[in-house]
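Numbering (my numbering), first residue to last: -11 to 461.
Please read the structure below before turning to the comments.
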Amino acid sequence: MRGALSKNAIELFSTQTFLFGILGAILIQNAKGQWTQSPPSSPTTPSPPANKDELVFVHTVWRHGDRTPVFIFPNDPNQEEVWSQGFGELTTRGMAQQVKLGHFLRKRYIEQLGLLSSQYNSKEVYVISTDVNRTIQSATANMIGMYSAGARWGTDYPDVPEWPSAFVPVPVHTYEFKKDPVGLTRSFCQRTNELFDLVAQSPEYQQLNDSSLTLMEKAVNIERTHGLKPPEWAVQIVSQLIAINTKLIDFNSGLGLKPFLGIDFAVEVPKMLGGTFLWQIIERMDQKIECLKNKAYQNQSPKGILANKLPPACRWMNSLKYYAHSAHDMTLAALFSTFQFDHVDFDRNGLPDYAACALIELWRVSERDEFYVKVLYRRDDEDKLIDMTKRIRGCEHGACPIDIFRQRSLPFKPEPDTETLCRTPLVYRPIVLSPNSAGSLPGGTAWASIVFWPVKAAIILCSNTLLNFNHFL
């Protein structure tokens, strides 16, 4: 079957699939403290725009809030019944995180910058989510935080006693996993399969080729966050698992891998995993610019003579100002990889935390009718923004003119389109590995078997099955 995963890719994705949902819990802080990859950077406040600069469009993408584990290791005393909604579901903590994020976004885009109306306007805002419970609920919670303060009784919500006070039911659109811009190229793409076949053969990966163990790390930390007690033997090896986890997360974003057999992983991996999403954002901004520049259409009311002659995109984009995407840690990581940061999570190791949010803003210099892009980041559940624009490769001078932003993004554009690229074989120089080369360090030392023998048997069960990718994010 075209696109089916090969043995090497299954091994790599099985390791990574369990891995990529894991590190987020390590970064969560609770009353008793948590392990962290590295100290958080000092947030910086974005410089204010020039007086005549106007914010015209924003694309936000956030990770869902805190969730229950997606899996636990065998013999864990905290089985699925401990969690009231089961595995992989949004917790009340996660709901609160998203409400807080919604408050923050309201303050920026309604109260400070005046981009959006105080009350929800269906023509201004579009919210979309992956078709997963926790991301849909996160989007709803986020909109509660964004629009409850301005809600009008009898106008935005009904006058019935059963209706929650100030709850405005903002529509959340969804799409199936096969149409997800990140999920598509991960799980249903022959070229990505071939690419990660090659990653699995790389010298860097061969040194870490026995590491689904970090699945346990995630469960341990989530249990601690929610006041449950994991087995002591599992807690003792978490610090050792972090090193493996960090490396594999880097590999999945194309970091830490040298070009191999003619393939530059630093370009090819971001293109296959984040390129589609990046270019959806760029094309949306281009549509907005085209509609704003077309004065003949822009100045016509919906009832005007030229109303029926509006390009379909402009009929929507003329009013649309805010496009929100509720997704997963790997959605953000894939997007960030196309920005060519030095780390997966911008300036630190590991995956983006719960409720982390990237803001891609399109600004207009009105006096010259020129446009530029700013990329901001809110994380750690703090109401502060990091301006990441200068750290995007090719945008080192800060506010990035749209032409430059588009040009620097060309290496990551799926050509001619994503589906065709997925059907196009990856061309590289083949290599034949010796039967004993996999899963060991130079010298043949079975590293993971020595260091992690207490949980080796438990992980074998996990490594033999590739599960639906979006269950782990």
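Heads up, the beta-carbon is just placed ideally off N, CA and C, and yes, glycines get one too.
Everything numeric in this text was worked out from a predicted model, so none of it was measured.
In this structure, how does DSSP classify Tyr500 when only helix, strand and coil are distinguished?
Here the chain comprises residues numbered -11 to 461, so residue 500 is not present and cannot be evaluated.
Distance between Leu245 and Asp465 (C-alpha atoms, nearest Å)
For the chain, the structure presents residues -11 to 461; residue 465 sits outside this window and is missing.
Could you tell me which residues DSSP pairs with Phe359 in its beta bridges?
Counted from its first residue, the sequence shown places residue 359 at position 371. DSSP, once it has assigned bridges, lists Arg352 as partnering Phe359.
What's the call for Phe324, buried or exposed, on a 16-neighbour Cβ count within 10 Å?
Looking up residue 324 in the sequence shown gives position 336. With 16 or more Cβ atoms within 10 Å of its Cβ, Phe324 is classed as buried.
Complete beta strand (DSSP E) runs within the stretch 102 to 138 (minimum length 3 residues, chain order):
113 to 118
Should Tyr355 be labelled buried (16 or more other beta-carbon atoms within 10 Å of its own) or exposed?
Position 367 of the sequence shown, counted from the first residue, corresponds to residue 355. According to the sequence shown, residue 355 is Glu rather than Tyr. Looking at its Cβ environment, which holds fewer than 16 other Cβ atoms inside 10 Å, Glu355 is exposed.
Secondary structure at His91, three-state DSSP: helix, strand or coil?
Taking the first residue of the sequence shown as position 1, residue 91 is located at position 103. Correct three-state label for His91: helix.
For Arg417, is the beta carbon positioned less than 8 Å from some heavy atom of the ligand FAD?
Here there are no bound small molecules, and the ligand FAD is not part of this structure.
Near Arg272, which residues of its chain fall below 7 Å by C-beta distance, leaving aside the five closest residues on each side in sequence?
Against the sequence shown, residue 272 aligns to sequence position 284. Here the set comprises His47 and Tyr311.
Residue ranges of each beta strand (DSSP E) within the stretch 247 to 328, 3 or longer
310 to 315
Drop a sphere of 10 angstroms on the beta-carbon of Ser126, count the other beta-carbons inside from all chains shown, and report buried for 16 or more, exposed for fewer.
As a working mapping, residue 126 is identified with position 138 in the sequence shown. Per the 10 Å Cβ criterion, buried.
Per DSSP, which one or two residues make a beta bridge with Arg51?
Stepping through the sequence shown from its first residue, residue 51 is reached at position 63. Beta-bridge pairing links Arg51 to Ala315.
Alpha carbons only, please: which of Gln195, Leu320 and Leu236 is nearest the one belonging to Gly262?
For the purposes of this step, residue 262 is taken as the residue at position 274 of the sequence shown. Per the Cα distances, Leu320.
Hey, out of Val120, Val170, Met260 and Lys362, whose CA is closest to Phe393's CA?
Walking along the sequence shown from the start, residue 393 turns up at place 405. Selected option, being the one with the closest Cα: Lys362.
Check whether Leu78 and Asp54 have beta carbons under 9 Å apart:
For the purposes of this step, residue 78 is identified with residue 90 of the sequence shown, where counting begins at 1. For the purposes of this step, residue 54 is identified with residue 66 of the sequence shown, where counting begins at 1. Inclusion of Leu78 and Asp54 in the CB contact set at 9 Å is warranted, their separation being smaller than that value.
Would you call the stretch 273 to 281 in contact with the stretch 402 to 415, where contact means no fewer than 3 C-beta pairs closer than 8 Å?
no
Got a sec, what are the start and stop residues for the alpha helix (DSSP H) Tyr193 sits in?
Numbered from 1 along the sequence shown, position 205 holds the residue referred to as residue 193. Pro191 to Gln194 is the span of the alpha helix (DSSP H), which, as asked, contains Tyr193.
Measuring CB atoms only, is the stretch 162 to 180 touching the stretch 112 to 120, in the sense that at least three cross pairs come out at less than 8 Å?
Counting C-beta pairs closer than 8 Å gives three or more between the stretch 162 to 180 and the stretch 112 to 120, which meets the contact rule.
Extent of the continuous beta strand (DSSP E) to which Thr406 belongs:
Position 418 of the sequence shown, counting from 1, holds the residue named residue 406. Per DSSP, Thr406 lies in no beta strand (DSSP E); the unbroken alpha helix (DSSP H) holding it starts and ends at Thr406 to Arg411.
Roughly how many angstroms separate the alpha carbons of Asp144 and Val226, rounded to a whole number?
Within the sequence shown, residue 144 is the residue found at index 156, counting from 1. Within the sequence shown, residue 226 is the residue found at index 238, counting from 1. Distance between the alpha carbons of Asp144 and Val226 is about 49 Å.
DSSP has Leu364 in a bridge; who is on the other side?
Locating residue 364 in the sequence shown gives position 376, counting from the first residue. Answer is Leu347 and Asp375.
Tell me whether the stretch 131 to 150 and the stretch 94 to 107 touch, counting them as touching only if at least three CB pairs, one residue from each stretch, are closer than 8 Å.
Because the criterion of three Cβ pairs below 8 Å is met, the stretch 131 to 150 and the stretch 94 to 107 touch.
Cα-Cα separation between Pro146 and Ser241, rounded to whole angstroms
Within the sequence shown, numbered from 1, the residue matching residue 146 stands at position 158. Within the sequence shown, numbered from 1, the residue matching residue 241 stands at position 253. Pro146 and Ser241: Cα-Cα distance of roughly 47 Å.
Can you pull the DSSP bridge partners for Leu78?
Within the sequence shown, residue 78 is the residue found at index 90, counting from 1. Paired residues: Arg55.
Quick one, which of Phe75, Leu101, Ile60 and Val187 has its alpha-carbon nearest Leu236's?
Locating residue 236 in the sequence shown gives position 248, counting from the first residue. Comparing Cα positions, the closest option is Val187.
Pick from Gly90, Ile269 and Trp141: whose alpha carbon is nearest that of Thr128?
Within the sequence shown, the letter at position 140 stands for residue 128. With distances taken between Cα atoms, Thr128 lies closest to Gly90.
Could you say which of Ile60, Val87 and Ala139 lies nearest to Gly74 if we only look at CA atoms?
Within the sequence shown, residue 74 is the residue found at index 86, counting from 1. Checking every option, the nearest Cα to that of Gly74 belongs to Ile60.
Report yes if the CB atom of Leu364 is closer than 9 Å to the CB atom of Thr377, and no otherwise.
Taking the first residue of the sequence shown as position 1, residue 364 is located at position 376. Taking the first residue of the sequence shown as position 1, residue 377 is located at position 389. Yes, these two residues count as a Cβ contact at 9 Å.
If you drop the 5 nearest sequence neighbours on each side, which residues of the same chain put their C-beta closer than 7 Å to that of Gln268?
Here residue 268 is taken as the residue at index 280 of the sequence shown, counted from 1. Cβ within range, chain order: Pro169.
Does the distance from the C-beta atom of Glu99 to that of Lys309 stay below 9 Å?
Taking the sequence shown and counting its residues from 1, the one referred to as residue 99 is at position 111. Taking the sequence shown and counting its residues from 1, the one referred to as residue 309 is at position 321. Not closer than 9 Å, so no.
Identify the continuous alpha helix (DSSP H) that holds Trp396 and give its terminal residues.
Counting from 1 along the sequence shown, the entry for residue 396 is found at position 408. Inspection of the sequence shows that residue 396 is occupied by Arg rather than by Trp. Arg396 -> alpha helix (DSSP H) spans Ile390 to Arg396.
Three-way DSSP call (helix, strand, coil) for Glu99 in this model:
Taking the sequence shown and counting its residues from 1, the one referred to as residue 99 is at position 111. Of the three classes helix, strand and coil, the one that applies to Glu99 here is helix, per DSSP.
Closest to Ser314 by CA distance: which of Asp333, Val332 and Ala344 is it?
Translated into the one-based positions of the sequence shown, residue 314 becomes position 326. Closest option to Ser314, Cα to Cα, is Ala344.
Straight-line CA distance for Phe400 to Leu409?
Reading the sequence shown from its first residue, position 412 is the one you call residue 400. Reading the sequence shown from its first residue, position 421 is the one you call residue 409. Cα to Cα, Phe400 sits roughly 12 Å from Leu409.
How many whole angstroms separate the CB atoms of Arg179 and Pro413, which I take to be in contact at a CB cut-off of 8 Å?
For the purposes of this step, residue 179 is taken as the residue at position 191 of the sequence shown. For the purposes of this step, residue 413 is taken as the residue at position 425 of the sequence shown. Their Cβ separation, rounded to whole angstroms, is 7 Å, which keeps Arg179 and Pro413 in contact under 8 Å.
Taking the beta strand (DSSP E) that His161 falls in, what are its first and last residues?
Mapped onto the sequence shown, residue 161 falls at position 173. Element bounds for His161: His161 to Tyr163.
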